[in-house]
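Protein chains in written order, with the UniProt record's numbering: chain F, 1 to 448; chain W, 1 to 393. The beta-carbon is built from N, C-alpha and C at its ideal position, and this holds for glycine as well. Below you'll find the structure, written out as structure tokens, and then a few comments.
Next up, the structure:
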């Protein structure tokens, strides 16, 4: 292993409610759902109708522009509803599960002995392809592209994030099989970003890079930027840790198995810990009876508090998420909030006395604590992005729609999660992630 | 406290569009958000947000100028009683009270006029009231001579808010420091009233000035080759000058607060001071040159650290140059920006005696060039990125 890459920029936000290392297995949920809205920029085309029976691993919908990319049912059952939103946009495809229907059969084989084409086809057919994303842009990978490498971050540094060493305990062989399959897909290497001394350091057939530092050190984008930064015209693929397991299981058993472990965390959770459930599980199975009783509103987030999406208690877990956070909504007025000395307020700045207690954990709500302003302060963002990039100048280039500048200032290297801390810390309350995604969308539209 | 919230919530419909008092919406909203942090929660992006907001940031800056303000009030009294020869016979409280009475109206006029215009602009534009003027409103009085007529303060403040800020789009959009725009406006529009020996000390026509008292600022003295004040007086601030800028000590207390909270850029402060010191040393080196008149030669040979404690240099370096909106935005740019301010301030002040207070002009000039500095810093970053792409291709 090469030496540890030390990142200095960034910030660890100390929230209350991190998960204790205990795992509970939840029963098979009565319904599961896939949400096309989880996939940025996807135009879904349905392949099933309401009342159709589907096996696990059979397609529910596909990508209009890449019909080979299938999105398959996490569990066997019957399609009970297809929920649509404005302009008939598909929001959810809901399946009522039935264990008797079972799973579609795929080829069981050691991926190291298979050709790249066979591996790719099997992943596409089983509906595991959407787990592979590409940089630039952070969208589902194009199967026709040749990535220069595949990057996987084996640790998550976001607030309250799950510990993947714990989650994958006992499943490292399956993980290795998944890695072997992925290794067939690139002419370059599979790169594993590990935190110092983790169990992942011993994975074979990969290039291991160790990182140390505050969040966002665990973001795969940061790890790419600090090992082999992405230039114009280059493509790399990324995939989440648990999603590698899905690929591993597919080749080991010839069946899809979307069982995943989700960390339920946050100050509103009675006993934050890990739960084993499945892809597309309903939020209710995870949170029901597990939140503290409160006379105020609570916000349930699929994902972490920086990049996750707000879900209702009747909603479903996000496709890529292995984490749920529950925090107070905070939709209340605060008297003279700006003048509070702030012993109970965590801040990236040194403007509150909370700074004097570095070990303290905080309850934070979803209030934005102020009004939106123009960019006033400088160097706030720069301190939080451990990449060779000028975030504010990039965002301004996006705001004026200057494609050349966006390209020159590094839009290929970043996606929302890499700038999420900037949005958190912004004095001017600017919607950084939204602006960045608009810029990425412009790039996709203009340059393809 | 609940009744205040209830009052604002109850009156909200009246000031909404179509309401009876809709023209008061910005005022209503301004006071409401001042008293109560809004209940807005995040819709997109991150779910949690830092507690810091612009109100907090600006109030810390205001807090940091309080030592300079309080000392300024005291010094106004000191200079007055010194001029009429009664300093030794007057008590601390009386001295301070005199200054308070002199300075407070200036502060009130500055805030009143400035905020009034801000409210009107916010209403016209449909903006929230923004906090930028909280700081400008206190900085403007502090850089004025105490004898500036109140109407002039009002005109200058109006000019600063309208031309210095609102025409560019409001808080965060201006290219020059609004407070300095106010000062420069008065300096050029009313030169007779804004310089000379009578404006720096608060005196009435009926006051009898003692013989030895000149009333000139140390800067004006220095320009004619004299230094009439001790270093200690200059450092602690017992000298004539604009209200808030005389005491280096009080300013440094503010600087500590700005640096500790991270609100003010220490890079700009250090580089400005370094620039001033370097230019002072350069002048020292040339003080023996042939062809300099004796007064100029004396000014040239003034030790460099005297430059730092006299006039508006420190006040400018700590509170004006560091204005995040009009300063350089890149970290490397900040070093260049500050350093050039320091150099230019000393050049203006020594080599062009028409502008004894060079700091103000130096900062305004560098405000103008700050975007250019940033442009080149960003360009060099882009060049590096392009080179990286070629190496790896």
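Any idea if residue i is buried or exposed, counting beta-carbon neighbours within 10 angstroms, 16 or more meaning buried?
i: residue 300 of chain F; result: buried
i: residue 68 of chain F; result: exposed
i: residue 53 of chain W; result: buried
i: residue 21 of chain F; result: exposed
i: residue 376 of chain W; result: exposed
i: residue 368 of chain W; result: exposed
i: residue 220 of chain W; result: buried
i: residue 418 of chain F; result: buried
i: residue 271 of chain W; result: buried
i: residue 99 of chain F; result: exposed
i: residue 58 of chain F; result: buried
i: residue 131 of chain W; result: buried
i: residue 276 of chain W; result: buried
i: residue 401 of chain F; result: exposed
i: residue 147 of chain F; result: buried
i: residue 303 of chain W; result: exposed
i: residue 124 of chain W; result: exposed
i: residue 285 of chain W; result: exposed
i: residue 384 of chain W; result: exposed
i: residue 166 of chain W; result: buried
i: residue 101 of chain W; result: exposed
Using beta-carbon positions only, say whether residue i and residue j come within less than 8 angstroms of one another.
i: residue 273 of chain F; j: residue 279 of chain F; result: no
i: residue 72 of chain W; j: residue 318 of chain W; result: no
i: residue 450 of chain F; j: residue 26 of chain F; result: For residue 450 of chain F there is no data in the structure shown, the boundaries of chain F being 1 and 448.
i: residue 358 of chain W; j: residue 373 of chain W; result: no
i: residue 103 of chain F; j: residue 30 of chain F; result: no
i: residue 159 of chain F; j: residue 306 of chain F; result: yes
i: residue 109 of chain W; j: residue 150 of chain W; result: yes
i: residue 287 of chain F; j: residue 326 of chain F; result: yes
i: residue 434 of chain F; j: residue 370 of chain F; result: no
i: residue 230 of chain W; j: residue 178 of chain W; result: no
i: residue 318 of chain F; j: residue 51 of chain F; result: no
i: residue 125 of chain F; j: residue 70 of chain F; result: yes
i: residue 498 of chain F; j: residue 190 of chain F; result: The structure shown has nothing for residue 498 of chain F, since chain F only spans 1 to 448.
i: residue 299 of chain W; j: residue 260 of chain W; result: no
i: residue 199 of chain W; j: residue 138 of chain W; result: no
Tell me, please, which residues DSSP counts as bridged to residue i.
i: residue 175 of chain F; result: Looking at the DSSP assignment, residue 175 of chain F forms no beta bridge with any residue, so it has no partner.
i: residue 323 of chain F; result: F:263
i: residue 151 of chain F; result: F:191, F:238
i: residue 344 of chain F; result: Beta-bridge pairing links residue 344 of chain F to no other residue.
i: residue 140 of chain F; result: F:133
i: residue 299 of chain F; result: F:327
i: residue 103 of chain F; result: F:56
Whose Cβ in chain F lies nearer than 7 angstroms to the Cβ of residue i?
i: residue 324 of chain W; result: 376, 377, 378
i: residue 11 of chain W; result: Result: empty, since nearest Cβ-Cβ is about 15 angstroms, beyond 7 angstroms.
i: residue 173 of chain W; result: 374
i: residue 130 of chain W; result: 373
i: residue 389 of chain W; result: 231, 232
Listing by chain order, which chain W residues have their CB less than 8 angstroms from the CB of residue i?
i: residue 433 of chain F; result: 44, 45, 46
i: residue 332 of chain F; result: 39
i: residue 101 of chain F; result: What residue 101 of chain F touches in chain W: nothing, since even the nearest Cβ is about 37 angstroms away.
Whose Cβ in chain F lies nearer than 8 angstroms to the Cβ of residue i?
i: residue 59 of chain W; result: 338, 339
i: residue 272 of chain W; result: Simply none; closest approach about 16 angstroms.
i: residue 410 of chain W; result: Since the first residue of chain W shown is 1 and the last is 393, residue 410 of chain W is not available in this structure.
i: residue 260 of chain W; result: 350
i: residue 378 of chain W; result: 390, 393, 409
i: residue 5 of chain W; result: 333, 335
Using a cut-off of 7 angstroms between C-beta atoms, extract the partners of residue i located in chain W.
i: residue 258 of chain F; result: What residue 258 of chain F touches in chain W: nothing, since even the nearest Cβ is about 26 angstroms away.
i: residue 427 of chain F; result: 52, 53, 54, 57
i: residue 364 of chain F; result: 48
i: residue 329 of chain F; result: 41
Run through chain F and tell me which residues come within less than 9 angstroms of residue i, C-beta to C-beta.
i: residue 55 of chain W; result: 337, 338, 339, 370, 371
i: residue 263 of chain W; result: 349, 350, 351, 377
Kindly list, in the order they appear in chain W, the residues whose Cβ is closer than 9 angstroms to that of residue i.
i: residue 342 of chain F; result: 51, 56
Next item on the list: Mind listing, in chain order, the continuous beta strand (DSSP E) runs of no fewer than 3 residues lying wholly within the stretch 242-284 of chain W?
Entry: none
Note to self: Quick check for students: name the residue ranges of the beta strand (DSSP E) that lie wholly in the stretch 203-277 of chain F, counting only runs of 3 or more.
What the structure shows: 207-212, 236-238, 259-265
Check: What residue ranges within the UniProt domain "NqrA N-terminal barrel-sandwich hybrid" (5-97) of chain F form continuous beta strand (DSSP E) runs of no fewer than 3 residues, ordered along the chain?
Finding: 23-25, 31-34, 44-46, 59-63, 70-72, 77-84, 90-97
Next item on the list: Can you check the stretch 296-353 of chain W for any alpha helix (DSSP H) of at least 4 residues that lies completely inside it and give the ranges in chain order?
Entry: 304-309, 331-351
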